[in-house]
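Q:
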Amino acid sequence: MIKKIIVTLLLCSAAVVMLVACGGSSGGGGPTVHMGNTNFTQPSITISKGSSLTLVDDVAVTHIISNGSWVNGTAKPAKEPGAPTVSNLQFTTAGQSQTIGPFSTAGTFHLYCSVHVNMNLTVIVQ
Ligand SMILES: [Cu+2]
Numbered sequence: 000m001i002k003k004i005i006v007t008l009l010l011c012s013a014a015v016v017m018l019v020a021c022g023g024s025s026g027g028g029g030p031t032v033h034m035g036n037t038n039f040t041q042p043s044i045t046i047s048k049g050s051s052l053t054l055v056d057d058v059a060v061t062h063i064i065s066n067g068s069w070v071n072g073t074a075k076p077a078k079e080p081g082a083p084t085v086s087n088l089q090f091t092t093a094g095q096s097q098t099i100g101p102f103s104t105a106g107t108f109h110l111y112c113s114v115h116v117n118m119n120l121t122v123i124v125q
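Positions 0 to 125 (numbering that gives the first Met the number 0) are the ones given, in order, by the sequence shown.
1) Could you tell me if Thr-61 is buried or exposed, where buried requires 16 or more neighbouring beta carbons within 10 angstroms of its beta carbon?
2) Under 8 Å, do Asn-119 and Ser-47 count as touching if we go by C-beta distance?
3) DSSP puts Thr-37 in a beta bridge; with which residues?
4) Which term fits Val-116, buried or exposed, when burial requires 16 or more other beta carbons within 10 angstroms of its beta carbon?
5) Go through its chain and collect everything with a Cβ distance to Ile-123's Cβ below 6 Å, but skip five positions before and after it.
6) Are Thr-121 and His-109 closer than 8 Å when you measure CB to CB?
7) For Gln-41 versus Val-55, is the C-beta spacing smaller than 8 Å?
8) Does the Cβ of Asn-66 have 16 or more other Cβ atoms within 10 Å, making it buried, or fewer, making it exposed?
9) CB of Thr-37 to nearest heavy atom of ligand 1: below 7 Å?
10) What residue does the beta strand (DSSP E) around His-115 start on, and which one ends it?
11) Only counting runs of 4 or more residues, tell me where the alpha helix (DSSP H) segments fall wholly within the stretch 41-106, in order along the chain.
12) Using only the alpha-carbon positions, how far apart do Gly-35 and Val-58 sit?
13) Between Gly-81 and Thr-104, is the Cβ-Cβ spacing less than 8 Å?
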């Protein structure tokens, strides 16, 4: 009986340790933006100068990310001075992640998905 209780306690504490180890460690814990079926799940993100940005595809939908933005339904490729080059960064599978950066210049930068109209992300670096 006591042995059974001890085993149960050990299993519980092992589960707690594993949960803690996994918590908040998506892509090394840096700033992360997720992508849904046709959008970034947030329109903008603010990151600190020198950090990198991880993009995660939550679904099995292809996204192709580059410098630029959609303006009135038209794709406008454009790379702001100081922006890291992002050229046709392709995502195809659910859970796939890739990291952009580092963003070593303060400013406002734009990324877009050439597959999905109006799929824009603004990256504010401070
Ligand atoms: Cu897309």
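No residue lacks a Cβ here, since even glycine has one placed at the ideal position from N, Cα and C.
A: Here's the rundown:
1) What you label residue 61 is simply residue 62 of the sequence shown in a count that begins at 1. Thr-61 is exposed by the Cβ-count criterion.
2) Reading the sequence shown from its first residue, position 120 is the one you call residue 119. Reading the sequence shown from its first residue, position 48 is the one you call residue 47. In this structure, Ser-47 does not lie closer than 8 Å to Asn-119 by Cβ.
3) The residue labelled residue 37 in the question sits at position 38 within the sequence shown. Residue pairing for Thr-37: DSSP places it in no beta bridge.
4) Taking the first residue of the sequence shown as position 1, residue 116 is located at position 117. Around the CB of Val-116, fewer than 16 other CB atoms lie within 10 Å, so the residue is classed as exposed.
5) Numbered from its first residue, the sequence shown carries residue 123 at position 124. Cβ neighbours of Ile-123 beyond the five flanking positions: Thr-45 and Thr-107.
6) Working through the sequence shown from its first residue, we reach residue 121 at position 122. Working through the sequence shown from its first residue, we reach residue 109 at position 110. Contact flag set, yes.
7) Taking the first residue of the sequence shown as 1, we reach residue 41 at position 42. Taking the first residue of the sequence shown as 1, we reach residue 55 at position 56. In this structure, Val-55 does not lie closer than 8 Å to Gln-41 by Cβ.
8) Taking the sequence shown and counting its residues from 1, the one referred to as residue 66 is at position 67. By the neighbour-count criterion, in which 16 or more other beta carbons inside 10 Å mark a residue as buried, Asn-66 falls on the buried side.
9) As a working mapping, residue 37 is identified with position 38 in the sequence shown. Because some heavy atom of ligand 1 lies under 7 Å away, the Cβ of Thr-37 counts as near it: yes.
10) Mapped onto the sequence shown, residue 115 falls at position 116. That residue, His-115, is in no beta strand (DSSP E); it is neither H nor E in DSSP.
11) Scanning the stretch 41-106 for uninterrupted alpha helix (DSSP H) segments of 4 residues or longer gives nothing; none is fully contained.
12) Mapped onto the sequence shown, residue 35 falls at position 36. Mapped onto the sequence shown, residue 58 falls at position 59. Those two C-alpha atoms are separated by around 6 Å.
13) Translated into the one-based positions of the sequence shown, residue 81 becomes position 82. Translated into the one-based positions of the sequence shown, residue 104 becomes position 105. Contact flag set, yes.
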